[in-house]
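Heads up: the structure comes next, in structure tokens.
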Amino acid sequence: MLKVGIWLMLSLLSGSGLIVYALQQQYEEQSIDFRILHRDITVKLAQHETILSLLSVTSDPSAIQDKFPQILAWKPLPAAESSNTLLPAGNGTYWLNAQHFALLIDLNELLAELPQSHYFRHVRLNWQNAPLIELGGNWQPAYWQWDKRLTSALQPFDLSANSDPDWARLPWLLLLLSSLGWAGIVYFTSQYRVQKRQRKIAVLREHFSELTRLNAMGEITTGIVHELNQPLTAILSYNQAALRLINQQQVDQVPPLLDAAVIQIKRISALLLQFRQKLAHDQVAFQAVNLSKIWLRVTMLLENEIKIGKVKIINRLPEQLPDLQAEPLWVEQILHNILTNAIQAQQHNVAGSAWVAIEATAAQHGITLVITDGGPGLSEQALQQVFMPFFTTRPEGLGLGMALAETLIQRLHGSINAENIAGQGACFTLWFPFNAQEE
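Numbering (our numbering) for the sequence shown: 566 to 1004.
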């Protein structure tokens, strides 16, 4: 609509300018015709006065009328009637009196010989504010009007003429071409601006894509560090414990520790494989996942943290819980991060009062999983930003655990919600569909 408005405005402005110019040209042409008409009538009237001064009783009337057809008659005047005046005789005629003679002059004939008199809508000769003759019918107002006094001593007439523009002579074709030209200019200008804007957007998108890639690499690197930190710490603890037992000659207790370290190493391998799949956009093949087995594996992976924090694990998962179609490592990471946060949130609890409970309910389309703890709960700010990347309430935290959990559960077409339960602590409610498809 803006382009149409601009086109209309430019077309109207240019069209108005062309019309004003064309009308001005017509006015100048008609003004020239009026000046010519005024000059020719002045010459004719001067001829009348010259004839009057040269007339004598021996003059031939027929010869005078042949040369001056507007002179209808002439007559000598007695000395008593000579008054050097003008007497209207009606129908555009008048008597012009001199000292000895009078001429009967027909203005109709006089004006008929002048072509310029036909170029106007109306032509009128006035004498003493009364019309002697009017060409073009009764006088009506017109678009243009001209008035000028005739310079004649005996015939002091006022010449008036008016006319209307010749609308057919206006440059209609030029107006159309001008409108089409403005339309083309507006179109190509808008196209140029659109292309310029698109080029600018393309440059900004390229710059943004570069920043996004750098940011994504930073997030992936931070995520790898976050996910690998715990299994590496566990491996270090297991190996240190194994070395201590070997030094104490308690070799029979070493194999379980080495088995636990192997499990953590395999988890590191699986995590690195998962990150490689994310970078390569490999399609993940979902498989049957048993939540009870995944939960037991998570508690085993965090066994050291559970023992150090003296956290009681309350498992209320049904024995006959249906399997999910998902990526096992994703579900494990989700539960691992939630349980880790629950353990860390209860570090300052009274000894023996820390606990984490899990329960599940199967419905028609999926499983609802509820994980609660005995910690202090989440603050108002934490409830609003718990799933935002890099938000953390711990000085040493990276703030990626819950953000990663939300991302993974969304890729499974599930959902996660955080809230506080009065008298207990934080509560995370997760919903997993039975047959998820990777986003």
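The beta carbon of each residue, even a glycine, is placed where N, CA and C say it ideally should be.
Computed from a predicted structure; not experimentally measured.
Next on the checklist: For GLY746, which residues in the same chain have their Cβ closer than 7 Å to its Cβ, ignoring the five residues on either side in sequence?
Outcome noted: Numbered from its first residue, the sequence shown carries residue 746 at position 181. When the five nearest sequence neighbours on each side are left out, no beta carbon in the same chain lies closer than 7 Å to the beta carbon of GLY746.
Item to check | Rounded straight-line distance, which links the Cα of THR972 to that of HIS922 | outcome: Numbered from 1 along the sequence shown, position 357 holds the residue referred to as residue 922. Numbered from 1 along the sequence shown, position 407 holds the residue referred to as residue 972. The sequence shown places Ala at residue 922, not His. Between ALA922 and THR972, the alpha-carbon positions lie close to 23 Å from each other.
Checklist entry - So, using beta-carbon positions, are GLU699 and ARG714 closer together than 8 Å? => result One-based indexing of the sequence shown puts residue 699 at position 134. One-based indexing of the sequence shown puts residue 714 at position 149. For GLU699 and ARG714, no; Cβs fall outside 8 Å.
Next on the checklist: Out of THR933, LEU808, ASP598, PRO706, which one is the CA nearest neighbour of SER682?
Outcome noted: Here the question's residue 682 lines up with position 117 in the sequence shown. Taking only the C-alpha atoms, the option nearest SER682 is ASP598.
Checklist entry - Should THR670 go down as buried or exposed, given a rule of 16 or more other Cβ atoms within 10 Å for buried? => result One-based indexing of the sequence shown puts residue 670 at position 105. The residue asked about is misnamed: residue 670 is Ile in this sequence, not Thr. Result: buried.
Next on the checklist: Restricting to Cα atoms, I'd like to know which of ILE986, CYS992, TRP996 is closest to ARG976.
Outcome noted: Here the question's residue 976 lines up with position 411 in the sequence shown. Selected option, being the one with the closest Cα: TRP996.
Item to check | Start-to-end residues for the alpha helix (DSSP H) that takes in ASP605 | outcome: Looking up residue 605 in the sequence shown gives position 40. Looking at the DSSP string, the run of the alpha helix (DSSP H) that includes ASP605 is 567 to 619.
Next on the checklist: Measuring alpha carbon to alpha carbon, tell me which residue in PRO941, GLN589, VAL751 is nearest PRO736.
Outcome noted: Indexing the sequence shown from 1 puts residue 736 at position 171. The option with the nearest alpha carbon to PRO736 is GLN589.
Next on the checklist: As a quick exercise: from GLU892, VAL854, PRO887, GLN909, pick the residue whose alpha carbon is nearest that of LYS872.
Outcome noted: For the purposes of this step, residue 872 is taken as residue 307 along the sequence shown, with counting starting at 1. Here the closest residue by C-alpha is GLN909.
Checklist entry - Using 8 Å as the threshold, is the segment 831 to 838 in touch with the segment 792 to 803, meaning 3 or more CB pairs across them? => result The segment 831 to 838, when compared against the segment 792 to 803, does touch it at the 8 Å Cβ threshold.
Checklist entry - Roughly how many angstroms separate the alpha carbons of THR926 and ILE932, rounded to a whole number? => result Counted from its first residue, the sequence shown places residue 926 at position 361. Counted from its first residue, the sequence shown places residue 932 at position 367. Answer to the nearest angstrom: the Cα atoms are 6 Å apart.
Item to check | Chain-order list of residues whose beta-carbon lies under 7 Å from that of GLY966 (same chain, five-residue window excluded) | outcome: Within the sequence shown, residue 966 is the residue found at index 401, counting from 1. Result list for GLY966: HIS791, ASN902, THR905, ASN906, in chain order.
Checklist entry - Per DSSP, ASP723 is paired with what? => result Taking the first residue of the sequence shown as 1, we reach residue 723 at position 158. DSSP output for ASP723 lists ASN691, ARG714 as bridge partner(s).
Item to check | Integer Cβ distance of GLY657 from LEU697, believed to fall under 8 Å | outcome: For the purposes of this step, residue 657 is identified with residue 92 of the sequence shown, where counting begins at 1. For the purposes of this step, residue 697 is identified with residue 132 of the sequence shown, where counting begins at 1. About 6 Å separates the two Cβ atoms, so the contact holds.
Next on the checklist: Within 10 Å of its beta-carbon, does GLN815 have 16 or more other beta-carbons around it, so buried, or fewer, so exposed?
Outcome noted: Reading the sequence shown from its first residue, position 250 is the one you call residue 815. Counting Cβ neighbours within 10 Å, GLN815 comes out exposed, since fewer than 16 surround it.
Item to check | SER980: first and last residue of the uninterrupted beta strand (DSSP E) it sits in | outcome: Residue 980 sits at position 415 when you count from the first residue of the sequence shown. 980 to 985 is the span of the beta strand (DSSP E), which, as asked, contains SER980.
Item to check | Close beta carbons around SER743, own chain, < 6 Å, minus the five adjacent residues each side | outcome: Locating residue 743 in the sequence shown gives position 178, counting from the first residue. So the qualifying residues of the chain are SER579.
Next on the checklist: Quick check on the burial criterion: 16 or more other C-beta atoms within 10 angstroms. Buried or exposed for ASN1000?
Outcome noted: On the sequence shown, position 435 is the one that residue 1000 refers to. Classification of ASN1000: exposed, given that the 10 Å Cβ count is below 16.
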